[in-house]
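Working notes for the structure below.
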Amino acid sequence: MSATSHDAAPARTPSSPRPGPQPAPRLRRVLAHTALEARILLSNGEQLMVAIALPAMVLIGLRLLPIGRLEGAQPIETALAATLGTALISTSFTSQAIQTGFDRRNGVLRWVATTPLGRDGYLAGKILATLLVHVVQVLVLGLLAVLLGWRPGVLELLAAVPVWLLGTVAFGALGLLVAGLLRTEAVLAVSNLVFVLFVAAGGIAVPTSMYPWPLHGLVDLLPSGALGELLRACLAGGVFSPAPVVVLLVWAIGGAYAVSRWFRWTSD
Amino acid sequence: MTDDILASPALRADGLTHSYGPVRALDGLTLTARRGEVTALLGPNGAGKTTAVSCATGLLRPSGGSLEALGRDPWNAGPEHRARVGVMIQDGGLASGSRSMQLLRYGASLHAHPLDVDEVAEHLGIDEFAGTLVRRLSGGQRQRLALALAIIGRPELVFLDEPTAGMDPSIRQRVRHLVRSLADTGSAVVLTTHMMDDVVGLADAVCVIAGGRTVAAGSVEDVITAHRRQKGAVDVRAVAHGVDPAAVPALQADLEAVVEKHGGRLEITGAGAADLEAVLLELMDGANTSANSSAPTADTTTATTAAEGRAR
Chain A
152 MSATSHDAAP
162 ARTPSSPRPG
172 PQPAPRLRRV
182 LAHTALEARI
192 LLSNGEQLMV
202 AIALPAMVLI
212 GLRLLPIGRL
222 EGAQPIETAL
232 AATLGTALIS
242 TSFTSQAIQT
252 GFDRRNGVLR
262 WVATTPLGRD
272 GYLAGKILAT
282 LLVHVVQVLV
292 LGLLAVLLGW
302 RPGVLELLAA
312 VPVWLLGTVA
322 FGALGLLVAG
332 LLRTEAVLAV
342 SNLVFVLFVA
352 AGGIAVPTSM
362 YPWPLHGLVD
372 LLPSGALGEL
382 LRACLAGGVF
392 SPAPVVVLLV
402 WAIGGAYAVS
412 RWFRWTSD
Chain B
11 MTDDILASPA
21 LRADGLTHSY
31 GPVRALDGLT
41 LTARRGEVTA
51 LLGPNGAGKT
61 TAVSCATGLL
71 RPSGGSLEAL
81 GRDPWNAGPE
91 HRARVGVMIQ
101 DGGLASGSRS
111 MQLLRYGASL
121 HAHPLDVDEV
131 AEHLGIDEFA
141 GTLVRRLSGG
151 QRQRLALALA
161 IIGRPELVFL
171 DEPTAGMDPS
181 IRQRVRHLVR
191 SLADTGSAVV
201 LTTHMMDDVV
211 GLADAVCVIA
221 GGRTVAAGSV
231 EDVITAHRRQ
241 KGAVDVRAVA
251 HGVDPAAVPA
261 LQADLEAVVE
271 KHGGRLEITG
281 AGAADLEAVL
291 LELMDGANTS
301 ANSSAPTADT
311 TTATTAAEGR
321 AR
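The following block contains the structure:
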């Protein structure tokens, strides 16, 4: 580049007409942020590992090993229910907690709050990006499950949609809470540890009914236990009960309230 | 915009206070920034500069005093107001997992009438690291990207926190041109900096902050002159043209004699850091290379000889 080309002001001179600064329409701002978040999530190798590769390993493992199977259900059905629960928690909770934690440390949340996007637009874009990544996860993992013998029914898939949305809100809120309360290093450790606990011992891989008393009752009250039960009810012919819906709803509402109350936008 | 709006300050803070627990960060700060001017906030670390900018950009709610940015209370301002204000925060605020141009295009998409992204990228040299992940950028590259994001929406009021920190001299000069052109096209620019060169060569007005209070404000010259006067100093600046370099010591002796006659003391300094930097930049840009790099004749040397005397 020549020095001369840099000496002029960019795209604006005193004589040129100057449109007043205005924000882009709200939907465009939110969608722009959704696209940015989704691209960051899907272009990061570590994030892809957590979002796709790890749940795929869970699917193959549970398909082959006799863990968490329900009477009357195909092994691939219980395996897929556990896998989708794993995928949902990995993206809504772990990935979002880590990404938001780093955004907070790097001052991104401060900067965003000064732009036309604002804090509410940032959160809306983040939620939409999470849902978008979930769609990719469901498509990839569903295709893998089909290759492993899964034959999906339309009704059971439709029944899983509200569960999926409710789970996204509950775990997304918990992820933001961790990101907004803890130091970045602690966010990294806590979100990964809790993820493993949720999946391995929190009612995702193994149905809560298989836990010995008194763990059974405790796991039922976890968001992961409720999510696991609901996904098994939808996808693996499990028994539908309103109790897990109430539990997940309480976690979603309580989590959202806690975020609005205690989330810190800066690392100060 | 009406003439009244144009004439009113873009930023006005009066008696601003803010505390972090028991620590009082702002203690009655007064600050004014006008359209078409660059206003520099100066002060040591912990003086309250960043807190003042945080309040002015709506990130913090002041606990007392009055504050107006473009006629609005920034704390309660919506997206329409935020579109009129550009902010470059000290810690960058850049998403580390995104790529440079991707982030700049994203920033532009938040505005209805942004500047041309490619043109801004070329102007600030961002096109040189367009596809690089933000977390792999150097400090100076991050600064440039953050600056581009601050101005991309054609803001009327711009806050730049240490805009030239970590930049090499040629980029710093480019950034100064950009900041100057922003002010020249009517924007109010508020910058915090530790670099005196930024202030002397760029700012129209200075606000010196210490302990959360304004200790001096006005034009750069006014503030410097007033400060030295307080210390009993008088500035004498002289530029001699067509003088034989051999005669400079004699001139200096004459000046000393005059000052001594009045019971003062004379300090003579040569060209300042800003002048030296400008010469270096000119050399790097290859401008007038032959004239500057050739052996100095008496005429070229004396033409750039400047003596700044300070009598005490």
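In order, the protein sequence lines correspond to chains A and B. All you need for the working numbering is the position in the first sequence, starting with 1, plus 151. All you need for the working numbering is the position in the second sequence, starting with 1, plus 10. Note that CB positions come from ideal geometry on N, CA and C, so glycine has one too.
- Under DSSP, A:F414 takes part in no beta bridge, so it has no partner.
- Apart from sequence neighbours up to five positions away, the residues of its chain that approach B:G176 with a beta-carbon distance below 6 Å are G149, G150 and Q153, ordered along the chain.
- B:V185 and B:A220 have their C-alpha atoms roughly 27 Å apart.
- For A:P174, the three-state secondary structure derived from DSSP is strand.
- Note that the C-beta distance between A:A175 and B:A122 is below 8 Å.
- With three or more CB-CB distances shorter than 8 Å, the segment 219–232 of chain A counts as touching the segment 299–309 of chain A.
- Within the segment 12–83 of chain B, the runs of alpha helix (DSSP H) at least 4 residues long that lie entirely inside it are, in chain order, 13–17 and 59–66.
- DSSP assignment within the segment 274–341 of chain A yields the following whole alpha helix (DSSP H) runs of 4 residues or more, N-terminal first: 305–332.
- B:G96 has B:V168 as its beta-bridge partners, per DSSP.
- Taking C-alpha positions only, B:R44 is separated from B:E231 by approximately 17 Å.
- When beta bridges are read from the DSSP output, B:L143 appears opposite B:R109.
- With three or more CB-CB distances shorter than 8 Å, the segment 94–114 of chain B counts as touching the segment 162–173 of chain B.
- If you check the CB distance, A:F322 and A:L239 come in under 8 Å.
- Identification of chain A residues near B:S119 by a Cβ-Cβ cut-off of 7 Å yields A175, R179 and A183, ordered along the chain.
- Among the residues facing chain A, B:L69 is included, as its CB has a counterpart in that chain under 8 Å away.
- For chain A, the residues of the segment 20–34 of chain B that bring a beta carbon within less than 8 Å of one of its beta carbons are Y30, in chain order.
- Residues of chain A with a Cβ closer than 9 Å to the Cβ of B:G38 do not exist; the shortest Cβ-Cβ separation is about 22 Å.
- Within the same chain, and ignoring the five residues on either side of A:W413 in sequence, the residues whose Cβ sits closer than 8 Å to its Cβ are L328, G331 and L332.
- When DSSP states are grouped into helix, strand and coil, B:L276 belongs to the strand group.
- The residue from A:I218, A:G388 and A:Q247 with its alpha-carbon nearest to that of A:L325 is A:Q247.
- A:P206 is a Cβ neighbour of A:S241, given a cutoff of 8 Å.
- The beta carbons of A:R383 and A:P358 sit closer together than 8 Å.
- Around the CB of A:P313, fewer than 16 other CB atoms lie within 10 Å, so the residue is classed as exposed.
- The beta carbon of A:H184 sits closer than 7 Å to those of L268, G272, Y273 and G276, all from its chain and outside the five residues before and after it, given in chain order.
- A:L221 sits in coil when the DSSP states are folded into three classes, being neither helix nor strand.
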